[in-house]
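Take a look at the structure below.
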Amino acid sequence: MKKIICKIAAVALLLGVSTAAQAQTVEDNYPYNFISVQGGVQGTMTNYDFTKLLTPQFALSAGRYFNSKVGTRLHLQGWQVKGAISDTYTFNAITGDIDLLMNLTNILNPNRVSDKLDWVLLAGFGVNYGWDFDEFNTMNNALATDPNPYPCGSKHSTFNSRIGTQVNFNLSDNLALGLEVDANMKNDEFNLKRNYDPDFQLVGLLGLTYKFGKCKPAPEPEPIPVVEEPAPEPVVVEEPKPEPKAVVKKETLHEEIFYLICKSDPTVSGTNQMKRVADFMNKYKDAKVQIVGYADRGTGNPKINVMYAERRAAQCKDALVNIYGCDAARILIDSKGDTVQPFPENDKNRCVIIDSEAQYTVYE
């Protein structure tokens with residue numbers, strides 16, 4: 008179980024890491040309300056054959072995420088439950104829980120951009136209510152001389168607590184497909200038997216979640232137009248204008264993007280710098296851009312450092328082409344590995360340096 012949770016966490020972090028510069032982050036999608044419909048299977052953990060105690064389950068929940076990390080929900084789940092004495096018996100039950108939801112993907116990686124997958128840890132408590140115990144009563148009456156069942160009368164309401172996890176795949180801004188696995192601890196009287204030990208149930212649910220009520224910033228009020236009286240037109244005596252003189256000017260671009268150790272994707276500050284590079288290329292259609300990747304000599308080894316330097320430069324080019332629509336033929340990339348250290352401070356040499364120069368003509 009621990010290995011499965013670790014694998015889910017690794018996948019969530021990989022999908023959550025930003026691989027390209029974008030203006031929006033996952034924080035912009037919160038807060039919101041949601042409703043969910045789920046279906047699955049449940050089994051009770053006893054000394055009886057677990058496969059013979061599996062029953063179908065349906066669930067309905069409604070809740071709210073207050074921010075990108077924490078939310079809560081009211082969760083109703085139930086249908087059939089199976090217990091066992093000498094043989095299995097079936098009764099009906101419904102469980103209502105209030106759950107705390109913690110989005111571990113956003114907690115572990117608060118600056119992520121992609122929100123295709125969310126890994127959620129949940130914990131809660133509530134009440135279980137059972138009814139239709141005819142099969143139990145018939146079987147228990149037949150074993151009236153057997154003290155093992157320890158019947159507890161006609162108790163129907165019992166305490167429930169749970170811990171579980173969800174993996175949600177966001178199909179769109181408003182719809183998500185989720186897999187949930189919960190471990191429920193119930194008072195041992197929930198199935199009309201008392202053995203003075205709590206009962207545990209495992210449940211797996213697959214469902215759809217609809218999100219609504221996202222917070223959107225209020226539009227800024229439109230300025231009130233000011234009507235001014237037109238001033239009288241002055242009498243202008245035109246003088247002959249001199250012929251404009253063509254003057255060639257230059258404009259340069261220089262950007263330095265820094266990285267954390269063992270990282271090759273642009274940071275949030277690097278996102279703004281890539282946007283400036285794209286604006287420069289769109290303004291000057293003939294300008295070419297030189298992207299050079301570097302690695303610090305103080306960590307790693309030359310072979311690894313060459314890989315990181317090449318990857319950093321290549322990902323900057325990919326961002327300019329795939330996100331901002333720049334012409335790939337005008338982007339030149341190079342890698343120095345750790346053979347060149349442009350800065351005296353070791354950590355600053357985990358960087359990409361982008362340079363360009365454009366010439367344009369103005370008439371003065």
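Numbering (the working numbering), first residue to last: 8 to 371. The beta carbon of each residue, even a glycine, is placed where N, CA and C say it ideally should be. Because the structure is a prediction, the values reported are computed rather than measured.
{"Item": "Run through DSSP, which three-state label would T58 get?", "Value": "helix"}
{"Item": "Less than 8 Å between the beta carbons of A100 and Y55, yes or no?", "Value": "no"}
{"Item": "So which of K282, S363 and L339 has the shortest CA-CA distance to A320?", "Value": "L339"}
{"Item": "Could you pull out every unbroken alpha helix (DSSP H) segment of at least 4 residues lying fully inside the region 246-329, listed in chain order?", "Value": "275-290 and 309-329"}
{"Item": "Is any beta-carbon of chain C found at less than 8 Å from that of V44?", "Value": "As a matter of chain content, chain C is missing from the structure shown, which is built from one protein chain."}
{"Item": "I'd like to know whether the C-beta atoms of G391 and I105 end up nearer to each other than 8 Å.", "Value": "As shown, the chain starts at 8 and ends at 371. That puts residue 391 outside it, with no answer to give."}
{"Item": "At what residue ranges does the region 65-122 contain a whole run of the beta strand (DSSP E), taking only runs of 3 or more?", "Value": "77-91 and 95-110"}
{"Item": "Please work out which residues of its chain come closer than 7 Å, Cβ to Cβ, to A190, disregarding the five sequence neighbours upstream and downstream, and give them in chain order.", "Value": "R169, I170, G171, F207 and L209"}
{"Item": "Tell me, please, which residues DSSP counts as bridged to E7.", "Value": "Since the first residue shown for the chain is 8 and the last is 371, residue 7 is missing from the structure and cannot be characterised."}
{"Item": "Ends of the alpha helix (DSSP H) at T145?", "Value": "D141 to A149"}
{"Item": "Relative to the C-alpha of K355, which residue among I264, V296 and K310 is closest?", "Value": "I264"}
{"Item": "For the putative contact between A302 and R337, defined by C-beta atoms under 8 Å, what is the C-beta separation to the nearest angstrom?", "Value": "About 25 Å separates the two Cβ atoms, so there is no contact after all."}
{"Item": "Can you tell me which of S363, N110 and N353 puts its alpha carbon nearest to the alpha carbon of G307?", "Value": "N353"}
{"Item": "Between the Cα of V44 and those of G300, D122, C323 and L186, spot the shortest distance and give me the residue it belongs to.", "Value": "L186"}
{"Item": "Can you give me the C-alpha to C-alpha distance between P232 and A69, rounded to a whole angstrom?", "Value": "46 Å"}
{"Item": "Output the boundary residues of the beta strand (DSSP E) element that contains V48.", "Value": "Y39 to M52"}
{"Item": "Give the secondary structure of R357 by DSSP, where H, G and I count as helix, E and B as strand, and everything else as coil.", "Value": "coil"}
{"Item": "Which of the three DSSP states is assigned to D334 in this structure?", "Value": "coil"}
{"Item": "Please tell me whether G46 and L178 are closer than 8 Å, where the distance is taken between their beta carbons.", "Value": "no"}
{"Item": "Just to confirm, is the Cβ distance from V33 to R119 under 8 Å?", "Value": "yes"}
{"Item": "Distance, Cα to Cα, D334 vs V77?", "Value": "42 Å"}
{"Item": "Which residues in the same chain as V313 place their Cβ atom closer than 6 Å to its Cβ, once the five residues preceding and following it in sequence are excluded?", "Value": "G344"}
{"Item": "Which term fits K89, buried or exposed, when burial requires 16 or more other beta carbons within 10 angstroms of its beta carbon?", "Value": "buried"}
{"Item": "If contacts are defined as beta-carbon pairs under 8 Å, then V127 and N147 qualify, I think. What distance do you get, rounded to the angstrom?", "Value": "With a Cβ gap of about 40 Å, V127 and N147 do not count as contacting."}
{"Item": "When burial is assigned at 16 or more other CB atoms within 10 Å of the CB, is T102 buried or exposed?", "Value": "buried"}
{"Item": "For A365 versus A285, is the C-beta distance shorter than 8 Å?", "Value": "no"}
{"Item": "Measure the beta-carbon distance from R283 to E258 and round it to whole angstroms, keeping in mind my assumption that it falls under 8 Å.", "Value": "Their Cβ separation, rounded to whole angstroms, is 12 Å, which puts R283 and E258 out of contact at 8 Å."}
{"Item": "Under the rule that 16 or more other beta-carbon atoms within 10 Å means buried, what is D122, buried or exposed?", "Value": "buried"}
{"Item": "Return the residue from the list Q64, R318, N198 and C323 that minimises the CA-CA distance to D141.", "Value": "N198"}
{"Item": "I need the DSSP call for N177, collapsed to helix, strand or coil.", "Value": "strand"}
{"Item": "With a Cβ-Cβ cutoff of 8 Å, do L67 and T95 count as a contact?", "Value": "no"}
{"Item": "Would you mind reading off the limits of the beta strand (DSSP E) that contains N191?", "Value": "L182 to K193"}
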